[in-house]
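Below: the structure, in structure tokens.
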Amino acid sequence: MQALRVIAATVGLILSSLLMQAGPARADGGAPSCPPGQTPSQIPGGWICVVVTVPGTPGGTDTDPGPGGGSGSTVPATCDDIYTGEEVPCTDPNAGAWFPNAMNGAGCNAYMLQPQPKPGSPLWEGHDPSEGSVWGCDTDFANNGNTFFVPNGQGPTVVDPAVLAQRALGRMKLVTADAKIAPGPNFHTYINIDNWLWIPPEQWHTLNLSVSAGPTTVTVTAAPVRVDWNMGNGETKQCADAGRPSTPGMGESAKTTCSYAYTSLTNPDGDTHTVSAQLVYAVTWACTGTCLTPSGDLGEITAPAGQTTSIEVRQRQTVVTH
Amino acid sequence: MRRFHRKTAAALGAAVLMLGTAACGGGDDPTSDDSPSPTVSSSPTSSPSPTSDAWKKKYTPAQLKAYQDALARWTEYEQRSEPIWARGKATEAAANLFKEYFPSPFWQNQYKRLASYEQVDVKVSGTPGIYWSKAKSVSKDGGSVEITQCVDNTQIKVTQHGKPAKPVKAQQRPNLRTISLSKPKGYDWLIYGIEDASSGKPKPCKP
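So the protein sequences, as listed, match chains A and B.
If you read the first sequence in our numbering, its first letter stands for residue 118, the second for the next number, and so on.
If you read the second sequence in our numbering, its first letter stands for residue 52, the second for the next number, and so on.
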């Protein structure tokens, strides 16, 4: 029965669209003739030919027109492509919750607007934000009722994935990088000499963690983007990778991607610095299941430092011979 | 933006356009009164006002400041997005620009529209000439603004497959458009709605 309703609505939508298109074309007489498979459409600036697509059905949802406003309640069990009707990941840009009464009854796949407009905006239709939320169709925007207020309890009862993502990030065990430097604590370096910096290569890897709440699952991905080094002398050094471990027997020509040279001494007899490293991650999230928004970005997160190391810096001695 | 399925996005965008056209309910209205041809060629960077400033009297200075800020933000978007529509390519840079100015899912909608234009080789250059702008509404705290503009769409040049698009009769006259903006906490002004001559029955205006 649901399928029949959906098919009837869709056929009606197609027919009404086609009929209404014929109207302006006849009245204006200026609509261009378009190649097969395309239809005239006007945009600011003139007529263009666009590809004709046959909308599919908004399947996968148990639709039940809501009592108020231009919205309808819906509790989608899965996400479906609005035009093909095929089940798609909820991260798909065409996936969303089907609101049968939106778009002046044509219905649309809609998402909760992120961010929500400020209280007092006409989009709230006079409601207080505590009473519900504002949704928008993913077909086009701002045209004749494709944004609408959804009272609490009448939209999909899902958790904001951004909140879940923050929760997942809180549970994620970020790697505390162990700082390594060459020469190590058992030897010393000199000013203006490049000292190799690295963290164990296995510490440089992408982390994933998923958290679910009801039909919504959010997977947070933290990808290392750099290592922030604290050189112990008040200076920092950023390296775009883990660096290259220094091993005994490496030749003079060996190269590294991460090094640092101390350029001065505070103690003429030599300084000893404690060196630490912190991994910096770029954190993103993707939602699967029932999603208000498909993906998001939590920005960069700096992990705590792990084991420190130390380095002694000395002034190179000059030997004068006569 | 690679995750967007280009074909699907384009198809959706095309359907959007189809619906948009349908929503016009007649597109051109041959019975409408003829308005004078545009004689003012206003740059979108200017902030022309309606002939009377009487509308300002209903707002406080703070609300008028909010209106000016929102208008500046909208103008900035039009200027920055113009090269993107003129190029007609759904690139990651375009998506990033839309993200700056629209909430989700509207920035995605803009991207899908651009992808649909790319599919049918449509390029839109220029911006409408603006005869005047005024506030249609400003919320009490100045956090949301609706702007009404009387615009000259003939300054927009549309080509498809390199050929100029046929002009739309109703767009040869000055028309009203409404832009809704809001400034949620922690964000700059975002565009929550654009209603122009292509998204409803044309509303002629007097320059």
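The beta-carbon is built from N, C-alpha and C at its ideal position, and this holds for glycine as well.
This one's a predicted model, so the numbers in the text were calculated from it and none came from an experiment.
Original post:
When the cut-off is 8 Å and only beta carbons count, does Q432/A lie next to chain B?
Top reply: Answer no: the Cβ-Cβ gap between Q432/A and chain B never drops below 8 Å.
Subject >> Own chain, CB closer than 6 Å to W136/B, minus 5 neighbours either side, in chain order >> reply: Annotation for W136/B: V175 place their beta carbon closer than 6 Å to its own, counting only its chain and skipping 5 residues before and after.
**OP:** Kindly identify the DSSP beta-bridge partner or partners of M229/A.
**Re:** Answer by DSSP bridge pairing, in chain order: W252/A.
Original post:
On the three-state DSSP scale, how would you describe S381/A?
Top reply: Taken through DSSP and simplified to helix, strand or coil, S381/A comes out as coil.
Original post:
When Cβ atoms are compared, which residues of the stretch 206-222 of chain B fall closer than 8 Å to chain A?
Top reply: Result list: I207, K208, V209, Q211, P215, A216, K217, P218, V219, K220, A221, Q222.
Original post:
Do the stretch 379-390 of chain A and the stretch 301-309 of chain A make contact, defined as three or more Cβ pairs closer than 8 Å?
Top reply: As far as the Cβ criterion goes, the stretch 379-390 of chain A touches the stretch 301-309 of chain A, which means the pair count is three or higher.
Original post:
What residue range is occupied by the uninterrupted beta strand (DSSP E) comprising E197/B?
Top reply: Counted as a single uninterrupted DSSP element, the beta strand (DSSP E) harbouring E197/B occupies residues 195-203.
Original post:
According to the Cβ coordinates, are Q320/A and A359/A closer than 8 Å?
Top reply: If you check the CB distance, Q320/A and A359/A come in under 8 Å.
Original post:
Can you list, in chain order, the residues of its chain whose CB lies under 8 Å from that of T374/A, leaving out five sequence neighbours each side?
Top reply: These residues qualify, in order along the chain: C356, A357, D358, G360, R361.
**OP:** Just the chain B side, please: which residues come within less than 8 Å of Y228/A by C-beta, in chain order?
**Re:** Result: S155, P156.
Original post:
Excluding sequence positions up to five away, which residues of its chain have a Cβ less than 6 Å from the Cβ of E242/A?
Top reply: Closer than 6 Å at the Cβ level, and outside the excluded window around E242/A, lie F266.
Subject >> Assigned exposure category for N263/A - 16 Cβ within 10 Å defines buried >> reply: Under this definition N263/A is a buried residue.
Subject >> S167/B, enclosing beta strand (DSSP E) - first and last residue >> reply: Boundaries around S167/B are those of the alpha helix (DSSP H), 157-170, since no beta strand (DSSP E) includes it.
**OP:** Verify the CB distance criterion: does D245/A have a CB-CB separation below 8 Å to chain B?
**Re:** It does not: the Cβ of D245/A has no partner Cβ on chain B nearer than 8 Å.
**OP:** Give me the Cα-Cα distance between P258/B and Q119/B, rounded to the nearest whole angstrom.
**Re:** Roughly 20 Å between the two C-alpha positions.
**OP:** Determine whether the Cβ of Q200/B lies closer than 8 Å to any Cβ atom of chain A.
**Re:** Not closer than 8 Å to any Cβ of chain A, the Cβ of Q200/B fails to qualify, so no.
Subject >> G344/A - partner residues in DSSP beta bridges >> reply: Sequence inspection shows Val at residue 344/A; the Gly mentioned does not correspond to that position. Looking at the DSSP output, V344/A bridges to C356/A, L396/A.
Original post:
In three-state terms, what does DSSP make of P182/A?
Top reply: With a pLDDT of only 28 at P182/A, under the threshold of 50, the placement of this residue in the model should not be trusted, and no figure is reported.
Original post:
DSSP state of A294/A, grouped into three classes?
Top reply: Secondary structure of A294/A (DSSP, three-state): strand.
Original post:
For G406/A, which of S370/A, C254/A, G416/A, T334/A has the nearest alpha-carbon?
Top reply: Considering only alpha carbons, the answer is T334/A.
Subject >> Three-way DSSP call (helix, strand, coil) for S150/A in this model >> reply: Reduced to three states, the DSSP call for S150/A is coil.
**OP:** Tell me whether the beta-carbon of M229/A lies closer than 8 Å to the beta-carbon of L409/A.
**Re:** Yes, the pair counts as a contact, with Cβ atoms nearer than the cut-off.
Original post:
Excluding the five sequence neighbours on either side, which residues of its own chain have a C-beta within less than 7 Å of the C-beta of A282/A, listed in chain order?
Top reply: If we look at A282/A and ignore the five residues flanking it on each side, its Cβ neighbours are V335, V337, W402, G413, L415.
Original post:
Which value, in whole angstroms, describes the spacing of the CA atoms of A285/A and K372/A?
Top reply: Their backbone Cα atoms lie some 38 Å apart in a straight line.
Original post:
Hey, is A121/B's beta-carbon within less than 8 Å of any beta-carbon in chain A?
Top reply: No, its Cβ sits nowhere closer than 8 Å to a Cβ of chain A.
Subject >> Span separating the alpha-carbon of K217/B from that of V328/A >> reply: Between the alpha carbons of K217/B and V328/A lies a gap of roughly 53 Å.
Original post:
Expressed to the nearest angstrom, what Euclidean distance is found between the alpha-carbon atoms of V430/A and T391/A?
Top reply: Their backbone Cα atoms lie some 11 Å apart in a straight line.
Original post:
For the putative contact between W125/B and I230/B, defined by C-beta atoms under 8 Å, what is the C-beta separation to the nearest angstrom?
Top reply: Right, their Cβ atoms sit about 5 Å apart.
Subject >> For E319/A, the three-state DSSP class (helix, strand or coil) >> reply: Secondary structure of E319/A (DSSP, three-state): helix.
**OP:** With distances taken Cα to Cα, identify the nearest neighbour of L227/B among D203/B, E129/B, K191/B.
**Re:** Looking at D203/B, E129/B, K191/B, the one whose alpha-carbon comes closest to that of L227/B is D203/B.
Original post:
So which of I160/A, D255/A, P153/A, P302/A has the shortest CA-CA distance to W227/A?
Top reply: With the sequence shown as reference, residue 227/A is identified as Ala, and Trp is not the correct amino acid for it. For A227/A, the closest of I160/A, D255/A, P153/A, P302/A by C-alpha to C-alpha distance is D255/A.
Original post:
T156/A bridges to which residues according to DSSP?
Top reply: In the DSSP assignment, T156/A is bridged to V167/A.
Original post:
Whole-angstrom Cβ separation of S184/B and Q231/A, contact assumed at under 8 Å?
Top reply: Rounded, the Cβ-Cβ distance is 28 Å, inconsistent with contact.
Original post:
When DSSP labels each residue in this structure, what does K140/B get in the three-state scheme?
Top reply: For K140/B, the secondary structure class from DSSP, reduced to helix, strand or coil, is coil.
Original post:
List, in order along the chain, the chain B residues whose C-beta lies closer than 8 Å to that of D388/A?
Top reply: Ordered by position in chain B, no residue passes the 8 Å Cβ test against D388/A, which lies about 44 Å from the chain.
Original post:
Of all the CB atoms in chain A, is at least one closer than 8 Å to the CB of N147/B?
Top reply: No, its Cβ sits nowhere closer than 8 Å to a Cβ of chain A.
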